[in-house]
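Here the protein sequences come in this chain order: A and B. The working numbering applies: residue 1 is where the first sequence begins, and numbers increase by one. The working numbering applies: residue 1001 is where the second sequence begins, and numbers increase by one. Step one of this worksheet: look at the structure below.
2 protein chains.
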Amino acid sequence: MARRSRRREKPPFKQLPWRQVVNRYSPIEPLDEEQIEQIHDASMKVIEELGMVFLDEDACESLRKAGADTDKDTQLVRMDRDMVLEHVAKAPAEFTLYARNPAHNLRIGGNVINFSAVGSPPNCSDMDHGRRPGNFEDFRNLVRLVQSLNIVHMIGGHPVEPIDLPVETRHLDSVRVFVTDCDKVFSAYALGRERISDAIDMACIVRGKTRDKIKSEPSFHTVINTNSPLKLDGPMLRGLKEAAEWGQCIVITPFTLAGAMSPVTLAGALTQQNAEALMAIAYTQIVAPGTPTIYGGFTSNVDMKTGAPAFGTPEYTRAELIGGQLARRYKLPYRSSNVNASNCVDSQATYESMMSIWGAVMGGCHMMKHAVGWLEGGLCASFEKIIVDAEMLQTMAEFLEPISVDEDSIGIDAMRDVGPGGHFFGTAHTLDRYETAFYEPMLSDWRNFETWEETGSVTAERRANKIFKAVLAEYQPPPMEATVREELDAFVEQRRREITTIAAA
Amino acid sequence: MARRSRRREKPPFKQLPWRQVVNRYSPIEPLDEEQIEQIHDASMKVIEELGMVFLDEDACESLRKAGADTDKDTQLVRMDRDMVLEHVAKAPAEFTLYARNPAHNLRIGGNVINFSAVGSPPNCSDMDHGRRPGNFEDFRNLVRLVQSLNIVHMIGGHPVEPIDLPVETRHLDSVRVFVTDCDKVFSAYALGRERISDAIDMACIVRGKTRDKIKSEPSFHTVINTNSPLKLDGPMLRGLKEAAEWGQCIVITPFTLAGAMSPVTLAGALTQQNAEALMAIAYTQIVAPGTPTIYGGFTSNVDMKTGAPAFGTPEYTRAELIGGQLARRYKLPYRSSNVNASNCVDSQATYESMMSIWGAVMGGCHMMKHAVGWLEGGLCASFEKIIVDAEMLQTMAEFLEPISVDEDSIGIDAMRDVGPGGHFFGTAHTLDRYETAFYEPMLSDWRNFETWEETGSVTAERRANKIFKAVLAEYQPPPMEATVREELDAFVEQRRREITTIAAA
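So this is what it looks like as structure tokens:
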């Protein structure tokens, strides 16, 4: 009986079924071919004449062997344009990312867009408890939202930094939550070889595969940010190498804020973005030709009065679109983001996000990072923003669906039956289709003002608060075999002991 | 001294200068050519076989003379497709709308987008006084905001209905405010011949032109909504005729809510929109060939649970884009709208508006109605939403600006000077450009969370409240010669007497 009544209950929230989102539209291209070639040529000059510092002895050595001009003292690496382009060309245009649940495998490339959750904010917030530093409980709840929301395709890094966990072993607990509370494609941080190596082992355990097998089945992605301008840190380089050697997906993303870490002009910032991205991508292909690699764009501008980064600006949206043009120039999958600089979930957070989402989608991106939950220029993960973003992404996904045009759908006979001044509500043409004709929102409230007021004048933000709690209340962990779980836990505890022992020694 | 200190004060709000916004991008086209031809062909069948009721004897007579099949009893009018297309082809693809201030003349057509203010809500609201029925004071304040905000190109109808004014003479007071408190292109309601005729006379007075001159210089626009499905009301038809005979701009907009006033499918609703629009446009050209006419699209869907209209949905955005394809099919300027169904200024209002704005812009629209201030599916004008919308439109206008790519803007020398790991803030390349490099927002707050919290955690909506009041406090009426003002007032009072006398008789 309990089961039956439960089944009868209305679901606490409605959402679209899981699917990969396909973008059938041609991208919007702000620059013409000649302008793109100008930026290409300028970035080749940057690579040849200025170069980038690779803060890792071993990376410099590999690059030197591959023909780059490397300076032993400064670790400045310059490459010939033919060399860069030859290696960049080895990166695949399309590939698959493998999830623990094969139904959640993701195609990267072509005209598919994947939405990944917010990554790396130090704080999180919700309307009930306000803004607070990240902790492991919030971390888990955010991962569970990612699992429950069908429109979110993948983990995008720590959805909030669990600062109550020790730094040295934090990755073990984090990845374990990624692969137990969630069965979607996950993410690992390239902070040295070890963390990536542990993530590979954990992916092997939960996917029941050997390291050799996983080499051709990338099972997570890692983001490599250049330390713009023109610098790549040692730990990132070592993590990159480990991931590339084991065939995992690498997202190269220069952080080129115009006016701060790159020239104040869009043309200059994008030239630098392109130079940095291509040098790092060339390195991934030197480490392991064919490594699945994504060209990331993150160029935005700063507020020239305060130096604060701005997002979802006209400049940001244009940079997203041009970033897509550049990625296509090199036949590389493209990563962009859903970002904003607002301090709370309000109109600003929403319009800046919408400018970002449209720029990413019409820029032809294949991976939209921070697609749900990002606030404050990335310093905070908002539980309510996750729901607002999920609604916007669902709207976009439905917008991108194909449209049927045929005699049946046009329905001239229905118009004839209804006649001038009539009403279509009760017609067979309507009744046959009304249940699936339109997108049914998760968050939007279309009732009239009077009804809305009588029921408490609940704003979208407050509705989002209710919805995320309903989603968490209904959360069910994806199934995992007991033996797999035991093996995973044993691995985590063994590695924890090893790391703690080394740290204590 | 007072003057000097005043000059030193910071402006209460920042905005972009007045300009016509040019859209350099190719439109997004959801349907292929064949599908557009299917919708065209189906709408021709609707025109030929089903027809539309023209609830006006005189209109039926003109249409009959032009070759239409008209039924005297039902006033149902059917036209041959050749006849419709022949007349539609007489409407100009581009024209100019003349404002009282020539600097505010507007090009309609080509790749120019014009933003017009919210029209016709019965209610208005702000955070200080809540939601209330429209009145003349709020009406004036809304018109003054339209005048003060450079991004708003034109009046879009009564920004709120001033229900404290008598219905019969309301248009005299309304148009007088349009042409005195504002010097942008205005709007008049086609509710019978008389109101349009009065608007023509008032346009003549303030522009210092004769009726004959104004015939070739359209000085206002009027929206003709079909009473969907397939019906056009008498007062609208008589207003349309007066406006067409005197060369004023006519915006034909069927109100085809899918599932209610049109088929539940997008293909069906758009077929009906197209049929209704083309029949009405053909009639304008039969009345006066060459009348500046705009193809309006307003197809959206209803909430199938409540029958409430929904806006800014995936269906709405697709209808906007396809509406643009159809308008281009007939070489007609295109009208779309910035609409949402939220009951307050919140995330929902903002994301639904953003879906509408992107659909309108990428649909290649030339006139975006309700571009600022619309809330509640059109039942309320919000003072705060005007500012949120103005910010979104400014962002879009800046996004559409061309991008300079040359050696100078790319700035490789700046990158060389800064070097790896350096900072661009202090470089000459930055200092030379920083003041104009980026869009400076009107509403967005990019300060960090701590500063924002210390200064009161003011949301975008509350900042919008402050901004609209600052704009109104700084409002200056555009200059008007005393003799013109006298002539205008004399006309208004004479017409008021005439109308009141007739009504009393």
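A virtual CB, placed ideally from N, CA and C, is assigned to each residue, including glycine.
Three-way DSSP call (helix, strand, coil) for residue i in this model
| i | result |
| --- | --- |
| A:T226 | strand |
| A:R8 | Model confidence at A:R8 stands at a pLDDT of 44, short of 50, so the residue's coordinates are unreliable; what they give is reported in the following sentence. Here A:R8 sits in helix by DSSP. |
| A:Y316 | helix |
| A:R511 | As shown, chain A starts at 1 and ends at 505. That puts residue 511 of chain A outside it, with no answer to give. |
| B:D1183 | coil |
| A:R140 | helix |
| B:C1380 | strand |
| A:W452 | helix |
| B:H1221 | strand |
| B:G1067 | coil |
| B:K1072 | coil |
| B:P1254 | strand |
| B:R1335 | strand |
Rounded separation between residue i and residue j - CA only
| i | j | result |
| --- | --- | --- |
| A:I224 | A:S197 | 16 angstroms |
| B:V1177 | B:R1195 | 15 angstroms |
| B:A1190 | B:T1222 | 6 angstroms |
| A:T169 | A:I499 | 7 angstroms |
| A:T455 | B:V1345 | 17 angstroms |
| B:I1286 | B:A1244 | 9 angstroms |
| A:P314 | A:Y351 | 11 angstroms |
| A:A267 | A:D408 | 50 angstroms |
| A:V534 | A:A199 | It is not possible to answer for residue 534 of chain A, since the shown part of chain A is limited to 1 through 505. |
| A:M415 | B:L1379 | 28 angstroms |
| B:L1237 | B:R1131 | 33 angstroms |
| A:W452 | A:Q15 | 22 angstroms |
| B:E1461 | B:I1386 | 11 angstroms |
| A:L85 | A:A282 | 8 angstroms |
| B:D1212 | B:E1481 | 22 angstroms |
| A:L240 | A:P254 | 14 angstroms |
| B:I1108 | B:A1428 | 42 angstroms |
Contacting residues, own chain, Cβ-Cβ under 6 angstroms from residue i (five flanking each side not counted)
| i | result |
| --- | --- |
| A:P289 | K90 |
| B:F1399 | none |
| A:Y439 | E398 |
Cross-chain neighbours of residue i in chain B, by beta carbon under 9 angstroms
| i | result |
| --- | --- |
| A:E315 | E1398, F1399, A1437, F1438, Y1439 |
Residue i: contacting residues in chain A (beta-carbon distance under 8 angstroms)
| i | result |
| --- | --- |
| B:K1045 | I412 |
| B:I1214 | By Cβ distance, chain A contributes nothing, its closest Cβ being about 35 angstroms from B:I1214, past 8 angstroms. |
| B:F1425 | G259, A260, G307 |
| B:R1318 | F399, I403 |
Cβ shell of residue i (< 8 angstroms), same chain only, five flanking positions each side left out
| i | result |
| --- | --- |
| A:G156 | S116, A117, V118, G119, S187, K369, H370, A371 |
| B:S1356 | F1311, G1312, Y1316, T1317, E1320, S1336, S1337, N1338, V1339, N1340 |
| B:G1307 | A1260 |
| A:E217 | T96, Y98, R207, K209, G247 |
heavy atom of the ligand SAM below 7 angstroms from residue i C-beta
| i | result |
| --- | --- |
| A:Y434 | With respect to small molecules bound, the structure shown includes none, and the ligand SAM cannot be examined in it. |
Residues near residue i by beta carbon distance below 7 angstroms, same chain, minus five either side
| i | result |
| --- | --- |
| B:D1074 | The question names Asp, but residue 1074 of chain B in the sequence shown is Thr. So the qualifying residues of the chain are V1053. |
| B:P1309 | L1257, S1300, V1302, A1341, G1377 |
| B:M1001 | Residue placement at B:M1001 is poorly supported in this model, since its pLDDT is 34, which falls under 50; the coordinates are not used for a value here. |
| A:R100 | V179, D183, V206, R207 |
Contact list for residue i against chain B, beta-carbon separation under 8 angstroms
| i | result |
| --- | --- |
| A:Q272 | M1415 |
| A:M52 | P1420 |
| A:L76 | P1420 |
| A:Q35 | I1403, V1405 |
| A:L332 | Those do not exist, as A:L332 stays about 21 angstroms from chain B at its closest Cβ, beyond 8 angstroms. |
| A:D73 | Within chain B, no residue comes near A:D73; the closest Cβ sits about 13 angstroms away, beyond 8 angstroms. |
Closer than 7 angstroms at the beta carbon, the chain A residues around residue i
| i | result |
| --- | --- |
| B:N1448 | A308 |
| B:E1461 | D346, S347 |
| B:P1030 | I403 |
| B:V1264 | F424, H429, T430, R433, Y434, A437 |
| B:Y1283 | Going along chain A, no residue has its Cβ under 7 angstroms from B:Y1283, so there is no contact; the nearest lies around 15 angstroms. |
Cross-chain neighbours of residue i in chain B, by beta carbon under 7 angstroms
| i | result |
| --- | --- |
| A:G422 | P1229 |
| A:A42 | I1410, I1412 |
Presumed contact (8 angstroms Cβ cut-off) between residue i and residue j, rounded CB distance
| i | j | result |
| --- | --- | --- |
| A:R329 | A:H104 | In fact, because the Cβ distance is near 31 angstroms, the residues do not count as touching under 8 angstroms. |
| A:P166 | A:L142 | A:P166 to A:L142, Cβ: 20 angstroms. No contact. |
At a CB distance below 9 angstroms, what residues from the region 1342-1355 of chain B approach chain D? Give them in sequence order.
The structure shown contains no chain D; its protein chains are A and B.
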